[in-house]
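Enquirer: Can you read through this structure? Questions will come right after.
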Amino acid sequence: MKKLSKYEKETIINWNEAENLASVYTFNASLKRRLADFSRKYPLLCRLERSTPEGSVTYVLDKSRLSIRLVPPYSEERKAAAREYAKEHGFQVVVTEEKIA
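Heads up, the sequence shown is in my numbering, so the first residue is 121 and it goes up one at a time.
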């Protein structure tokens, strides 16, 4: 099996106005994790439809549970404030404890 390039590892979100379901096809590891967690928590709203050996998954979910968020660019004032905060407080790593099962 040929390894796919990053360009070929796409995410496709598909829905139409007539149906209440949306389809999400993705190779993105973070999105796959989020969809898997959501489907375990809400199995009536989201289900895994297909998983491929190449690493993609397709989930079908209630389209009312899916949103697209557009984030505007930061203003120069906000960038300056963030820079000043970082200079004063430095970069802080959040350490989480691993749960031992």
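For glycine and all other residues, C-beta sits at the position ideal for the given N, C-alpha and C.
#1: Buried or exposed for Thr172, going by 16 or more other Cβ atoms inside 10 Å?
#2: Of the choices Lys152, Gly175, Tyr205, whose alpha-carbon is the least far from that of Lys122?
#3: Decide yes or no for the touch test of the stretch 192–210 against the stretch 163–170: beta carbon pairs closer than 8 Å, at least 3 of them.
#4: Of all the options Leu124, Ser184, Val215, which has the alpha carbon lying nearest to the alpha carbon of Ala138?
#5: Is the beta carbon of Lys152 closer than 8 Å to that of Val177?
#6: Buried or exposed for Val191, going by 16 or more other Cβ atoms inside 10 Å?
#7: Taking C-alpha atoms, which residue in Glu130, Thr146, Ala142, Thr131 lies nearest to Ser187?
#8: To which residues does DSSP link Ser176 through a beta bridge?
#9: Check each candidate in Pro193, Asp182, Asn148, Glu128 and name the one with the smallest Cα separation from Asn134.
Expert: A quick look at the data gives this:
#1: exposed
#2: The option with the nearest alpha carbon to Lys122 is Gly175.
#3: The stretch 192–210, when compared against the stretch 163–170, does not touch it at the 8 Å Cβ threshold.
#4: Checked all of Leu124, Ser184, Val215; the closest Cα to Ala138 is Ser184.
#5: yes
#6: Here Val191 is exposed, its C-beta having fewer than 16 other C-beta atoms within 10 Å.
#7: Considering only alpha carbons, the answer is Ala142.
#8: Note: Ser176 sits in no beta bridge, so no partner.
#9: Asp182
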